[in-house]
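Trainee:
In the working numbering, the protein residues as written are 2 to 286.
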């Protein structure tokens, strides 16, 4: 009898482990799922990769805005399409969303410093969009995933860069909140799926100057998110950044989501995304 009970418990444990593993990988389907169309596709620069997708809620503005920055190891093979799903979901929740594309490793002008310049230019372009669309520029959040999670933290630190930096901006748009999901927060460390592309991104550029763990404090409210079962960017990246940012005085919340992998936190079909969305709503109050 004891052996039978032990066998049943063992089978159940293995089954739950397999279910959890499948759940942690299931949201990869978001990469191939049909993309909801934007209201407008708008160029913010002259390069074919310098554009964004604007979505506006129904009703009268002015609407709070979320700038959305996709991941993909900063590589040209990966674009903004998969983030369109959460963009549409946030628009349904009352946010204007600006899902941006940018030059990446493999694109002409991509990598350091072009990738960073594009993300900054796209964000500042909200000032131009606000002349035509009902956008509340006093309530702008930036949300990024994976490599995009690194880039949105960098967005929050732009005012720190000196005039002789190629990524310096005269008057960077102020962010009210940052949501960084599955972010690569330490560009000096290895151990993520993006190690090789990181070297191509930065070349001889200043990794330490654009590494999130070196940029705190930002003086901006932040939500740092990771899936507990993320095998692409380990949760330790989120924990390390959180510890450093809090120690330096930033207002940061850490959300480690059980049984979630790399893509669940950006998939509106999952409970993981619902937690992220609630966190964003809290930051924007």
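For every residue, glycine included, the Cβ atom is placed at its ideal position computed from N, Cα and C.
Could you check where the beta strand (DSSP E) with residue 54 kicks off and where it finishes?
Mentor: 52 to 56
Trainee: Okay, do the region 162 to 169 and the region 126 to 143 touch, 3+ Cβ pairs below 8 Å being the bar?
Mentor: no
Trainee: On the CB-based measure, 16 or more other CB atoms within 10 Å of its CB, does residue 213 come out buried or exposed?
Mentor: buried
Trainee: Thinking residue 221 and residue 157 are a contact (beta carbons under 8 Å), I'd like their distance in whole angstroms, please.
Mentor: 5 Å
Trainee: By the 10 Å Cβ neighbour count, where 16 or more other Cβ atoms means buried, how is residue 159 classified, buried or exposed?
Mentor: buried
Trainee: Within the continuous beta strand (DSSP E) that includes residue 131, where are the two ends?
Mentor: From DSSP, residue 131 is part of no beta strand (DSSP E); its letter is neither H nor E.
Trainee: Report the three-state DSSP secondary structure of residue 99 (helix, strand or coil).
Mentor: Three-state result, residue 99: strand.
Trainee: In the DSSP assignment, find the beta strand (DSSP E) that holds residue 258 and state where it starts and stops.
Mentor: 253 to 258
Trainee: Quick test of the definition: if touching needs 3 or more C-beta pairs under 8 Å, does the region 202 to 211 touch the region 77 to 90?
Mentor: no
Trainee: Beta carbon of residue 106, beta carbon of residue 98: below 9 Å?
Mentor: Result no, Cβ atoms of residue 106 and residue 98 do not sit closer than 9 Å.
Trainee: Under three-state DSSP, which class holds residue 137?
Mentor: strand
Trainee: With a threshold of 8 Å on Cβ separation, who are the neighbours of residue 187 within its own chain once the five nearest residues in sequence on each side are excluded?
Mentor: 212, 213, 214, 238, 241 and 242
Trainee: Can you list, in chain order, the residues of its chain whose CB lies under 8 Å from that of residue 189, leaving out five sequence neighbours each side?
Mentor: 208, 209 and 212
Trainee: When burial is assigned at 16 or more other CB atoms within 10 Å of the CB, is residue 139 buried or exposed?
Mentor: It counts as exposed.
Trainee: With the cut-off set at 9 Å, would you say residue 281 and residue 67 are in Cβ contact?
Mentor: yes
Trainee: Can you list the beta strand (DSSP E) stretches of 3 or more residues lying completely in the region 221 to 246, in chain order?
Mentor: 222 to 228
Trainee: At which residue ranges does the region 174 to 203 contain complete beta strand (DSSP E) runs of 3 or more residues, listed in the order of the chain?
Mentor: 178 to 182
Trainee: Since residue 68 is in the beta strand (DSSP E), which residue starts that stretch and which ends it?
Mentor: 64 to 70
Trainee: For residue 122, name the three-state secondary structure that DSSP assigns.
Mentor: For residue 122, the secondary structure class from DSSP, reduced to helix, strand or coil, is helix.
Trainee: Residue 100 and residue 71: beta carbons closer than 9 Å?
Mentor: Cβ distance < 9 Å, so residue 100 and residue 71 count as in contact.
Trainee: Relative to the ligand MG, is the shortest distance from any of its heavy atoms to the C-beta of residue 261 smaller than 8 Å?
Mentor: In terms of ligand content, the structure shown is empty, and the ligand MG therefore cannot be addressed.
Trainee: Check whether the region 217 to 233 touches the region 178 to 185, counting contact only when three or more Cβ pairs, one atom from each stretch, lie closer than 8 Å.
Mentor: Cβ pair count under 8 Å is three or more, so yes.
Trainee: For residue 194, which residues from the same chain have a beta carbon less than 6 Å from its beta carbon, with the 5 sequence-adjacent residues on both sides left out?
Mentor: 233
Trainee: Give me the DSSP bridge partner(s) of residue 42.
Mentor: 54
Trainee: Can the beta-carbon of residue 203 be found less than 9 Å from the beta-carbon of residue 113?
Mentor: yes
Trainee: Quick one: what's got a C-beta closer than 6 Å to residue 41's C-beta in the same chain, skipping five residues either side?
Mentor: So the qualifying residues of the chain are 55.
Trainee: Excluding sequence positions up to five away, which residues of its chain have a Cβ less than 7 Å from the Cβ of residue 192?
Mentor: 235
Trainee: Between residue 255 and the rest of its own chain, which residues show a CB-CB distance below 6 Å, the 5 nearest in sequence each way excluded?
Mentor: Here residue 255 has 225 and 243 as same chain residues with Cβ atoms under 6 Å from its own Cβ, once five neighbours each way along the sequence are excluded.
Trainee: Flag this pair as yes or no: are the beta carbons of residue 118 and residue 178 separated by less than 9 Å?
Mentor: no
Trainee: In this structure, does DSSP put residue 153 in helix, strand or coil?
Mentor: helix
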